[in-house]
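Have a look at the structure below, then the notes.
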Amino acid sequence: MSVVLSGPPAQPGDDLDVPRPVSPGLPPADRLFHGGSRVVGAVVLVITGSIGLFLFLQLLPTLRSYGVHFFTQANWSPQIAEVGIAAAVVGTILVASIALAVSVPLALLTALYITEYAPRWLKGPMVSLIDLMAAIPSIVYGIWGFFLLQPIAMQVSRWLSQYLAFFPPFQVATDPSAPNIQLLPHYGSSTAIAGVVVAMMALPMACAVMRGVFAQAPAGEREGALALGATRWGVIRSVVLPFGRGGIIGGTMLGLGRALGETIAVAVIISPNYIINFNVLQTGSITIPSLIALRFPEASPGELSNLLAAGFVLFVLTLVVNLIAAVFITRSRSGAATEI
Amino acid sequence: MTTTGGRAAGQQAQGPAQPRQAVQSAAARPLSADVPRQVTATTAEDRFAVLGCIIAAAGLVWVVYDRLLGLSGWVGFLACWYAVFLALYWAVSAMEHPRPVVVDRLVAAAIHGAAVLVVVAVSSTIFYTFVEGRHALVHLNFYTQDMSATPPNAPLTQGGISHAIEGTLVEVLIATAISLPLGVGTAVFISEVGGRFARAVRTVVEAMTALPDILAGLFIYTTLIVHLGVSASGFAASTALSVMMLPIIARSAEVQLRVVPGGLREASLALGAPRWRTVWRVVLPTARTGLATALILGIARAIGETAPVLLTSGASTYFVNLLAHPLDLFRVPMNSLPLFIYTAFRAPQDPNNLARMWGAASVLLGLVLVLFITARVLARSRAGRS
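Chains A and B, in that order, are what the protein sequence lines are. Counting from 1, position 22 in the first sequence corresponds to residue 1144 in our numbering; the numbering is continuous, with no gaps. Counting from 1, position 208 in the second sequence corresponds to residue 306 in our numbering; the numbering is continuous, with no gaps.
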């Protein structure tokens, strides 16, 4: 201020005091850069967005020819003009629920092990192992499930249907106590086995999200709980789990999204059966992705359109699940900055 | 109490040069009956309780399950063992400790059990694949020949999966060449340019990361193959893979760009660099290792995808000589490792065919492992540098 005063008096009309424009319009090169990256963004938007639009357009002719029966009919036989996805939708949901019932508790406990119990040297390798689990191809899980898991799982299935048959889903339309029972035709390729294999793919996604949220639990509150005399479980119950609730729900939904969309592992395990089958231990079921993969090779143009319509239903299902997951995960993260 | 004790011990260690503090700590010594309870360290009693219960449960289950009831099956044995272990551990702990400690111990046992189960499941997948694949993997012709002149049930000394390895490498390479520039470009657009449109792109891309893989294949099949008349080929498979990879790469690249410190951008702009030069010379090089990790994990995901290639590539049995006929990329079917495994699985089950299937699975898993370890090493070198 004093500098200005001591200087020569400003003449009227003297423009010296006008501030230099500091944010001029972008130079041409930058305008090119912005325009170019906007074009890339638009291209990606068109590519990804058109998938949904495109599948939706395929739904219309299918609905026109089959009407609401497309959603209520279980049988899929285009030869006799009976096409419906009821069995596939129920099968998809059953496989995904079994996958979640197996994977979510394991993911939760493993995430707690990594953040709370594992010794320091083991944390890194455990995190890598869970990430590797997500990178193993689903076809490898499929053949692993068929050749290694299925013989074991069939014995367990038989035991369950023998002793817990009062629970309706565990019933199997055969006599489980028969001495020379052939396990494969009754217990093999069932919804439950497919669900357990899919659980291997849903687990790492759920576990990674849960671990991330648990690790962010505020140290001050942990120490507070310890100072009040809490055991390790006390800290988990009173600090880590309440803090990580959003992550638990979000991770579960993310795993659910993966489980709903899993194709090839289910196609390898399951033996296709187009009826609504609630007996999860019994051979035969179908899911939407495996329906597409299995029917696709000999599909006529009309049936192809039906398969695309089924694909749209799957698309909407996974999109809704993932949007819910995203809401929960972002909400849990925004609550991360708990101050003391 | 812990703090005082610690300070006293520290001062004592400083030696007799400070007699007043030494006296203080000596005066504090009679109070040391009030030693704080150790909250983290395990005592010998803790370890023996666990170990004893494990052994006792094994013995008890062996006697009852195996000898008295005459049951068989190792799954049942392990399940009973774990259940009996938990019961014994509860009983042993309840004799000595209050309820919170008992609950804490049982929860710890459950959590350790779950972690062990997960580790066993993953390692069984990896080991079983390589163990079953060893029959095929030892033959050199498995890597150098194709299956064009070999029936699926021929002995392992004939034929191989060179065509599938070629297909996987070519398809993933082209898919990466398509989706890497688009993906990183989108990430740059979202994080460096911004605006309302960028937020819309980001929402759509994020929603599409969860696209079921079969829908990517279905989309390319209907648009490219049915409507545009491209034949089922390596190129069609590559586009299907890139549709699947694109959102994954764009999203993880955006996360990597977001963590580049804003101060670096501002410093570059303050030196007079234009925006594009800031992105090219400052932002992208800073995020380079992070971007590489994201890319490699995206490739590892794409390399194992079966569903998109199942619908788009067709399954050939012969090696496509792309050097002699580059246009074959668009014209003829091309096999790949996941597709080879799937078709071998669907084919009539024969020992040699299955051995080839496991061999291909081992090669595929080996590729994924190599990519995964590379990504880890890259990520670690970055962590070490910063």
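Backbone N, C-alpha and C define an ideal beta-carbon position, used for all residues, glycine too.
Close-in-space but distant-in-sequence residues of the same chain around residue i (CB under 6 Å, 5 per side omitted)
i               : result
A477 (chain B)  : T391
Y1466 (chain A) : A question about residue 1466 (chain A) goes unanswered here, because the residues of chain A that appear run from 1123 up to 1462.
F1434 (chain A) : L1177, F1178, L1181
A1287 (chain A) : Q1293
A192 (chain B)  : V200
T1296 (chain A) : H1308
L186 (chain B)  : C151, A154, A155
Reduced DSSP category for residue i - H, G, I as helix; E, B as strand; rest coil
i               : result
E264 (chain B)  : helix
S277 (chain B)  : helix
S336 (chain B)  : helix
E1204 (chain A) : strand
S1225 (chain A) : helix
A1287 (chain A) : coil
S411 (chain B)  : coil
A156 (chain B)  : helix
H237 (chain B)  : coil
A308 (chain B)  : coil
I1258 (chain A) : coil
E1384 (chain A) : coil
P198 (chain B)  : helix
L369 (chain B)  : coil
M1322 (chain A) : helix
A445 (chain B)  : coil
M1375 (chain A) : helix
P406 (chain B)  : helix
V1165 (chain A) : helix
M432 (chain B)  : coil
T140 (chain B)  : coil
Option in the options with minimal Cα separation from residue i
i               : options                            : result
V1319 (chain A) : A:L1228, A:V1438, A:V1443, A:F1268 : A:F1268
G361 (chain B)  : B:S350, B:P253, B:V381             : B:V381
L153 (chain B)  : B:R165, B:L184, B:T376             : It is Ile, not Leu, that sits at residue 153 (chain B) in the sequence shown. For the residues B:R165, B:L184, B:T376, the minimum Cα distance to I153 (chain B) belongs to B:L184.
V182 (chain B)  : B:L215, B:D202, B:V148             : B:V148
P406 (chain B)  : B:A365, B:T337, B:A398             : B:T337
A473 (chain B)  : B:A206, B:I312, B:I397, B:L271     : B:I397
R454 (chain B)  : B:V418, B:A219, B:A442, B:A156     : B:A442
Y226 (chain B)  : A:A1240, A:A1256, A:S1250, A:G1264 : A:G1264
E352 (chain B)  : B:A371, B:L280, B:A368             : B:L280
E234 (chain B)  : B:W179, B:N451, B:E264, B:E403     : Here the sequence assigns Ala to residue 234 (chain B), which means Glu is not the residue at that position. Nearest C-alpha to A234 (chain B): B:N451.
R1367 (chain A) : A:I1252, A:S1312, A:A1447, A:Y1285 : A:A1447
P1423 (chain A) : A:V1162, A:S1172, A:R1453, A:T1184 : A:T1184
T1237 (chain A) : A:F1418, A:A1431, A:R1417, A:A1330 : A:A1330
F1192 (chain A) : A:T1385, A:A1339, A:L1429          : A:L1429
S1412 (chain A) : A:A1328, A:M1332, A:G1317          : A:G1317
V216 (chain B)  : A:L1403, A:G1147, A:I1220, A:A1324 : A:A1324
R373 (chain B)  : B:Y180, B:V291, B:V173, B:T284     : B:V291
V1249 (chain A) : A:A1328, A:A1223, A:L1175, A:L1305 : A:A1328
P345 (chain B)  : A:P1141, A:R1153, A:V1165, A:F1155 : A:V1165
heavy atom of the ligand FAD below 8 Å from residue i C-beta
i               : result
A1415 (chain A) : The ligand FAD is absent from the structure shown, which contains no ligand whatsoever.
For residue j and residue i, believed in contact at Cβ under 8 Å, the rounded distance
i               : j               : result
L1382 (chain A) : T1440 (chain A) : 5 Å
L1231 (chain A) : A213 (chain B)  : 7 Å
I347 (chain B)  : S277 (chain B)  : 6 Å
G1406 (chain A) : S1393 (chain A) : 5 Å
L465 (chain B)  : I394 (chain B)  : About 11 Å; that fails the 8 Å criterion.
A385 (chain B)  : Q354 (chain B)  : 5 Å
G1163 (chain A) : V299 (chain B)  : 4 Å
G171 (chain B)  : Q1277 (chain A) : 6 Å
V1212 (chain A) : V1388 (chain A) : Contact doesn't hold; Cβ gap of about 14 Å is too wide.
I323 (chain B)  : I1261 (chain A) : With a Cβ gap of about 22 Å, I323 (chain B) and I1261 (chain A) do not count as contacting.
Opposing strand residues paired with residue i [DSSP bridges]
i               : result
P1394 (chain A) : A:S1407
S246 (chain B)  : Answer is none; S246 (chain B) lacks a bridge partner.
S1103 (chain A) : Residue 1103 (chain A) falls outside the range modelled here, since chain A spans only 1123 to 1462, and no answer is possible.
W1198 (chain A) : A:V1205
Chain-order list of residues whose beta-carbon lies under 7 Å from that of residue i (same chain, five-residue window excluded)
i              : result
P431 (chain B) : A330, S331, S411, G412, A413, S414
G258 (chain B) : N239, F240, Y241, T242, Q243, D244
S489 (chain B) : Residue 489 (chain B) is absent from the structure shown; chain B starts at 99 and stops at 484.
I224 (chain B) : L463
S340 (chain B) : A273, I276, S277
F488 (chain B) : Residue 488 (chain B) is absent from the model: chain B starts at 99 and stops at 484.
V303 (chain B) : T284, P345, A348, R349
Close beta carbons around residue i, own chain, < 8 Å, minus the five adjacent residues each side
i              : result
V121 (chain B) : Caution applies to V121 (chain B), whose pLDDT of 45 falls short of 50 and renders its modelled position unreliable; the value that the coordinates give is listed next. Once the five neighbours on either side are set aside, V121 (chain B) has no close Cβ partner at all.
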